[in-house]
Amino acid sequence: MNYYLDITLLPDDEANLGFIWQKVYQQVHIALVENKVAENESAIAIAFPNYADKAYPLGNKLRLLVKEEQRLKQLNIQHWLKRFEDYVHISSIKAVPESVDKYASFRRKQFTTNRERLARRRAKRHDESYEQALQHYEGFDDEQSTLPFINVRSLTKDKQFKLFIEHKIASNMKEGEFNCYGLGKEIATVPCF
Numbered sequence: 001m002n003y004y005l006d007i008t009l010l011p012d013d014e015a016n017l018g019f020i021w022q023k024v025y026q027q028v029h030i031a032l033v034e035n036k037v038a039e040n041e042s043a044i045a046i047a048f049p050n051y052a053d054k055a056y057p058l059g060n061k062l063r064l065l066v067k068e069e070q071r072l073k074q075l076n077i078q079h080w081l082k083r084f085e086d087y088v089h090i091s092s093i094k095a096v097p098e099s100v101d102k103y104a105s106f107r108r109k110q111f112t113t114n115r116e117r118l119a120r121r122r123a124k125r126h127d128e129s130y131e132q133a134l135q136h137y138e139g140f141d142d143e144q145s146t147l148p149f150i151n152v153r154s155l156t157k158d159k160q161f162k163l164f165i166e167h168k169i170a171s172n173m174k175e176g177e178f179n180c181y182g183l184g185k186e187i188a189t190v191p192c193f
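Under the numbering used here, the first residue of the sequence shown carries the number 1, and numbering increases by one thereafter.
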């Protein structure tokens, strides 16, 4: 990745950071779909420079990264975020610093189950109350509660879901593909700065 631009989210009394993330990320996703390079594949990657921020786990900044500067120009993210101009600041396109020596992968993490679902299922199968079944899973490590997420609406299925985002640090750049959420498939990394 050689070029980037930052979208800084600007919450206020009327719109909190979670609400702005939901609206902005939805528009970014639509923009990536409209500019995809193959089925569910984007040439544009996304990073969260302030990931693991104590106030809000995803921070307040979204970074779009590309190999060729022309891709960001063609995307024209200002057009897609025009409705939210009071809530975002979009930087100009810049070159990724040459001194970058840290990389990260941002991937979608999908869960097949959670503690509450397991308890409901156990209650039905073992003729227990929901509370009894929930106690059975008392020590269940619910990873969903620790990963940050953005509420996203699927326009094809007209359903809202939580897009959980997993973050891992890597010591070197690993080429790979990115989906239309801008998140890496498999091992793809982006520069971390």
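All C-beta atoms in this analysis are idealised placements derived from N, C-alpha and C, irrespective of residue type, glycine included.
Specify the secondary structure class of A104 as computed by DSSP and reduced to three states.
Here A104 sits in strand by DSSP.
With a CB to CB cut of under 7 Å and the five nearest residues on each side skipped, what residues in its chain are close to R194?
No information on residue 194 is available, as it lies outside the stretch 1 to 193 that the chain covers here.
What does a CB cutoff of less than 7 Å around K185 pick up in its chain, not counting 5 residues either side in sequence?
Taking C-beta separations shorter than 7 Å and ignoring five residues to either side along the sequence, the partners of K185 in its chain run G176, E177, F178, N179, following chain order.
Judging by CA-CA distance, which residue of Y130, F19, H136, S154 is the nearest neighbour of V88?
Closest by alpha carbon: F19.
Quick check: what's the CA-CA separation for N60 versus H167?
Their backbone Cα atoms lie some 16 Å apart in a straight line.
With a CB to CB cut of under 6 Å and the five nearest residues on each side skipped, what residues in its chain are close to A123?
Once the five neighbours on either side are set aside, the close Cβ partners of A123 are Y130, A133.
How many Å lie between E85 and A170 at the Cα?
Taking the straight line joining both Cα atoms gives about 34 Å.
Can you tell me the Cα-Cα spacing of D158 and E98, whole angstroms?
Rounded to whole angstroms, D158 and E98 show a C-alpha spacing of 42 Å.
Can you have a look at R125 and say buried or exposed, based on whether 16 or more other CB atoms are within 10 angstroms of its CB?
R125 should be labelled exposed.
What residues match up with V190 in a beta bridge as DSSP calls it?
According to DSSP, V190 bridges with A104.
Consult DSSP for A31 and reduce its assignment to one of helix, strand or coil.
Correct three-state label for A31: helix.
DSSP three-state assignment for Q74, whether helix, strand or coil:
Here Q74 carries a helix assignment [DSSP, helix/strand/coil].
Residue burial classification, S42 (beta-carbon count within 10 angstroms, cutoff 16)
Looking at its Cβ environment, which holds 16 or more other Cβ atoms inside 10 Å, S42 is buried.
Could you check what DSSP says for G184 in three-state terms: helix, strand or coil?
In the structure shown, G184 sits in a strand (DSSP, three-state: E or B).
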